[in-house]
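Top line first, the protein sequences correspond to chains A and U. Residues 2 to 273 in the numbering used here are what the first sequence spells out, letter by letter. Residues 59 to 317 in the numbering used here are what the second sequence spells out, letter by letter.
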Amino acid sequence: MADLTPPSTLRQFAVLLRIGLASAVQYRANFVLTSVGAIFYEAVSLAFVGVIVHAFGSIGGWSFVEVAFVYGIRSTGHALHGLLSGQLWMTAGVVRRGEFDRYLLRPVDPLVQLLTRRFQITAVGDVVFGLVVLSVTAVAAPVDWSVGWVAYLVVAVVGSAFVESAVMLALASSTFRLLDASPLLSVADRVFVTFGPYPLSVLPRAVGYLLTFVLPLAYAAFFPAALLLGRTKDLFVPTWLALASPAVGLLLYAGAVRLFHRQVRHYASPGH
Amino acid sequence: MLSQVRIGMLTPWAYRTSILLGYPAIAVQIALYSVVWRAIYAGHDGEVAGADVRTAVGYAVLGLTIAGVLNTSPYHSIASRVSDGLIGVDLTRPIGLLTQNLAFQTGAVVASMPTVAVGLGTGLVVGGLAPPKSVAAAGWFVVSLLLAFAVSQLTTMLMALTSFWTIEVGGITMTFFVVRTFMSGAILPLWFMPDWLRAVAVALPFQASTYTPLAIYFGRPPGGLPAALGVQTVWIVVLGGLCAWVWSRARHRVVVQGG
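What follows is the structure, encoded as structure tokens:
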């Protein structure tokens, strides 16, 4: 008698991701060029920060290496987020065209099917670029590296991806009621991209709190970076909360997944 | 030809949501940059690279607005017509393809005019819009803006013409967008750049499509006013010539998909 227990959600995710990757690499030239294009995209935002620090000497007392380190954490986290959640941008189309009907018929979590419907090619370039910047700046940054801190950095990068994915997933969930949540997604994306690399302590405090408690960008790079750089005096929240950033990311993501499953109930098929 | 302008104007509006989405995106971006610039300037009294905080914020407001209007996408013109096979229809029209295309792009620019209201409106709200340095600066700004319009349309068209060789390459278009945004000075004025990077930017046509009119507005035309306008004019001639040349090569290898 064959074992009929369905594979775990994680396993389903892995299988579907592999299928998506296999079909994406079929168009080899496009795959390579798109990844390279993505690297360019990331490199330009680093160049922006670089030019500013060059012209101004430092930002709020943070040197170029320190700002670049914040950027390294953010861009690697953002890349992992893209790998996991890039397809959320397609939610509106999936709902409008009734593609979601199919997801509901298959014995796999609809969210897993949505996230794995295509492989996010740009994420490959992003991951490569992010890892290079992160390793270079981690070595150059004035951090007292120990095994514990390295482990914390890895966890913080993963947490950074979950923070961003949680925000995007929560916003994408509103598609089932609003039919199109992409304006919300693009506003959140702008905020993450624009403010991501800066030490948030230089922003007006109100904006800092907004980016901590409303749109939780601070946990995605600034808090862990400030701790690793020994700049605890720049934190505008208790140290334990900053230290818990990766956990905050996981909690937020778990919450967003729950929210998605609740909002799915409002799905009205366009009828096919 | 006017009908082509009209089509160019109406086509974007067929995808109303994506246009309407563009407005909050521009507004948010302007608001964010005004916060970022003020934070960056917080530790510095007075000017950096000859610009004070008011100029930097004002530049972001105008730069993002101008780029939002002028920097049309090559996707909607030749590129998508080639990959849909519709280019065959275009070629049977009694107007030259380049003329058709320029008219179409002009229409797209006209269609994105509300962006000006959104951009400048946001600029007023965040208190970042300084009036031009002088009446003369305002006048030459308008002249330079018209030249910038020509430069940006020709750049977009040159990019679009490459689609006769490369049918489906998202990566190249993406790289084009990014390099254009950065090198045109739409978000970052060239005066903040280190010398070597500014040299690269000055050698490329993109700065003539955004940075030049902005610099004139803020009373610091690159290389003096005559040189600034001269460089723009030279780029119009060079890019126009390049477009005509590329098109003369391309017309022999047009692939009409599904034709």
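Backbone N, C-alpha and C define an ideal beta-carbon position, used for all residues, glycine too.
Task: N- and C-terminal bounds of the alpha helix (DSSP H) containing U/Pro279 - done: The sequence position of residue 279 of chain U within the second sequence is 221, counting from 1. First-last for U/Pro279: undefined, no H or E at that position.
When you compare the CB positions of U/Ala97 and A/Leu204, do they come within less than 8 angstroms of one another, or not?
In the second sequence, residue 97 of chain U corresponds to position 39, counting from 1. In the first sequence, residue 204 of chain A corresponds to position 203, counting from 1. Taking 8 angstroms as the Cβ cut-off, U/Ala97 and A/Leu204 qualify as a contacting pair.
* Using the beta-carbon count (16 or more within 10 Å), is A/Ala152 buried or exposed? -> Taking the first residue of the first sequence as 1, we reach residue 152 of chain A at position 151. Its Cβ having fewer than 16 others within 10 Å, A/Ala152 is exposed.
DSSP three-state label for A/Tyr104, please. What you label residue 104 of chain A is simply residue 103 of the first sequence in a count that begins at 1. It is helical.
**Prompt:** With which residues is A/Trp63 paired in a DSSP beta bridge?
**Reply:** The count along the first sequence starts at 1 and reaches residue 63 of chain A at position 62. Looking at the DSSP assignment, A/Trp63 forms a beta bridge with A/Ile60.
### Query
In chain U, which residues lie with their C-beta within 7 angstroms of the C-beta of A/Gly131?
Reading the first sequence from its first residue, position 130 is the one you call residue 131 of chain A. Within chain U, no residue comes near A/Gly131; the closest Cβ sits about 16 angstroms away, beyond 7 angstroms.
Original post:
Tell me the DSSP bridge mates of A/Val215?
Top reply: Position 214 of the first sequence, counted from the first residue, corresponds to residue 215 of chain A. In DSSP, A/Val215 forms no bridge with anything.
DSSP three-state assignment for U/Gly317, whether helix, strand or coil: Taking the first residue of the second sequence as 1, we reach residue 317 of chain U at position 259. Note that U/Gly317 scores a pLDDT of 47, beneath 50, so its modelled location is shaky; the value from the coordinates is reported in the next line. Collapsing the DSSP output to three states places U/Gly317 in coil.
* To do: Using a cut-off of 9 angstroms between C-beta atoms, extract the partners of A/Tyr199 located in chain U.
  => Stepping through the first sequence from its first residue, residue 199 of chain A is reached at position 198. Val94, Ala97, Ile98, listed in chain order.
Counting only beta-carbon separations shorter than 8 angstroms, does U/Ala107 have a partner in chain A? Taking the second sequence and counting its residues from 1, one reaches residue 107 of chain U at position 49. Yes, U/Ala107 counts as interfacial toward chain A.
| said: For a test of the three-state rule: what should DSSP assign to U/Phe109, helix, strand or coil? | reply: One-based indexing of the second sequence puts residue 109 of chain U at position 51. Before going on, a small fix: residue 109 of chain U reads as Ala here, not Phe. Residue state, collapsed to three classes: strand.
*Beta-carbon proximity check, A/Trp90 vs A/Ser183, cutoff 8 angstroms*: Your numbering for residue 90 of chain A matches position 89 in the first sequence. Your numbering for residue 183 of chain A matches position 182 in the first sequence. Yes, they are a contact pair.
* Under 8 angstroms between C-beta atoms of U/Ala196 and U/Gln62 -> On the second sequence, residue 196 of chain U is found 138 positions in, with the first residue counted as 1. On the second sequence, residue 62 of chain U is found 4 positions in, with the first residue counted as 1. With contacts defined by Cβ atoms closer than 8 angstroms, U/Ala196 and U/Gln62 do not form a contacting pair.
Worksheet item: Mind checking whether U/Thr291 and U/Ala206 have CB atoms under 8 angstroms apart?
Response: On the second sequence, residue 291 of chain U is found 233 positions in, with the first residue counted as 1. On the second sequence, residue 206 of chain U is found 148 positions in, with the first residue counted as 1. No, the pair does not count as a contact, with Cβ atoms beyond the cut-off.
Notebook entry, point to check: From A/Leu11, A/Arg259, A/Leu230, pick the residue whose C-alpha is nearest to that of A/Gln114; which is it?
Noted result: As a first step, residue 114 of chain A must be located in the first sequence, where it is residue number 113. Ranking the options by Cα distance to A/Gln114, first place goes to A/Leu11.
Residue ranges of each alpha helix (DSSP H) within the region 21–100 of chain A, 4 or longer
29–57, 65–86, 92–97
DSSP state of U/Ile245 mapped onto helix, strand, coil: Along the second sequence, read from residue 1 onward, the residue named residue 245 of chain U stands at position 187. If DSSP states are grouped into helix, strand and coil, U/Ile245 belongs with coil.
- Message: Could you tell me the alpha carbon to alpha carbon distance between A/Arg103 and A/Gly94, rounded to whole angstroms?
- Response: On the first sequence, position 102 is the one that residue 103 of chain A refers to. On the first sequence, position 93 is the one that residue 94 of chain A refers to. Looking at the two C-alpha atoms, the distance is approximately 14 angstroms.
Compare the beta carbon distance of U/Ser267 and U/Thr213 with 8 angstroms and say whether it is the shorter of the two.
Counting from one through the second sequence, the residue named residue 267 of chain U turns up at place 209. Counting from one through the second sequence, the residue named residue 213 of chain U turns up at place 155. Closer than 8 angstroms, so yes.
- Minimum C-alpha distance to U/Leu216 - residue among U/Val167, U/Gly299, U/Trp95, U/Arg151: Position 158 of the second sequence, counting from 1, holds the residue named residue 216 of chain U. Closest by alpha carbon: U/Gly299.
#### Entry: Within-8 angstroms CB hit, U/Gly317 to chain A
By one-based count along the second sequence, residue 317 of chain U stands at place 259. Confidence in U/Gly317 is poor, its pLDDT being 47 and thus under 50, which makes the residue's placement unreliable; the coordinate value appears in the next sentence. Chain A places no beta carbon closer than 8 angstroms to that of U/Gly317, leaving this residue out of the contacts.
query = Residues of chain A with a CB under 8 angstroms from the CB of U/Gln87: which are they?
reply = Within the second sequence, residue 87 of chain U is the residue found at index 29, counting from 1. In chain order: Arg191, Thr195.
| query | Does U/Ile65 come within less than 8 angstroms of chain A when only Cβ atoms are used? | reply | Mapped onto the second sequence, residue 65 of chain U falls at position 7. At a cut-off of 8 angstroms between beta carbons, U/Ile65 makes no contact with chain A.
*Roughly how far, in whole angstroms, is the beta-carbon of A/Ile74 from the beta-carbon of A/Leu135, given that I think they are within contact range, below 8 angstroms?*
The residue you call residue 74 of chain A lines up with position 73 of the first sequence. The residue you call residue 135 of chain A lines up with position 134 of the first sequence. With 8 angstroms as the limit, A/Ile74 and A/Leu135 qualify as a contact, their Cβ atoms being about 7 angstroms apart.
- Message: Report the CB separation of A/Val159 from A/Leu81 in whole angstroms; it is logged as a contact under 8 angstroms.
- Response: Translated into positions along the first sequence, residue 159 of chain A becomes position 158. Translated into positions along the first sequence, residue 81 of chain A becomes position 80. With a Cβ gap of about 7 angstroms, A/Val159 and A/Leu81 count as contacting.
- prompt: Does the beta-carbon of U/Glu105 have 16 or more other beta-carbons within 10 angstroms, so that it is buried, or is it exposed?
  reply: Locating residue 105 of chain U in the second sequence gives position 47, where the first residue counts as 1. Exposed, since its Cβ has fewer than 16 Cβ neighbours within 10 Å.
Self-check item: Within-8 angstroms CB hit, U/Phe240 to chain A
Solution: Reading the second sequence from its first residue, position 182 is the one you call residue 240 of chain U. Closer than 8 angstroms: yes.
Hey, could you find the ends of the alpha helix (DSSP H) A/Leu135 is sitting in?
As a first step, residue 135 of chain A must be located in the first sequence, where it is residue number 134. Its alpha helix (DSSP H) spans residues 122–141.
Check the Cβ of A/Gly61 against every Cβ in chain U and list those closer than 9 angstroms, keeping chain order. Translated into positions along the first sequence, residue 61 of chain A becomes position 60. Here the neighbours are Ala97, Ile98, Ala100, Gly101.
Cα separation between A/Thr35 and U/Ala100?
By one-based count along the first sequence, residue 35 of chain A stands at place 34. By one-based count along the second sequence, residue 100 of chain U stands at place 42. Cα to Cα, the separation comes out at about 38 angstroms.
Buried or exposed for U/Gly186, going by 16 or more other Cβ atoms inside 10 Å? Position 128 of the second sequence, counted from the start, is the residue given in the question as residue 186 of chain U. U/Gly186 counts as buried, since no fewer than 16 other beta carbons sit within 10 angstroms of its beta carbon.
Report the three-state DSSP secondary structure of A/His262 (helix, strand or coil).
Start at 1 with the first residue of the first sequence, and residue 262 of chain A comes out as number 261. Reduced to three states, the DSSP call for A/His262 is helix.
Requested in this report: Run the CB neighbour count on A/Thr92, radius 10 Å, all protein chains shown included, and call it buried at 16 or more, exposed below.
Outcome: For this step, residue 92 of chain A is matched to residue 91 along the first sequence. A/Thr92 comes out buried.
- Would you mind stating whether A/Ser246 and A/Phe261 have Cβ atoms separated by less than 8 angstroms? As a working note, residue 246 of chain A is residue 245 in the first sequence. As a working note, residue 261 of chain A is residue 260 in the first sequence. No, they are not a contact pair.
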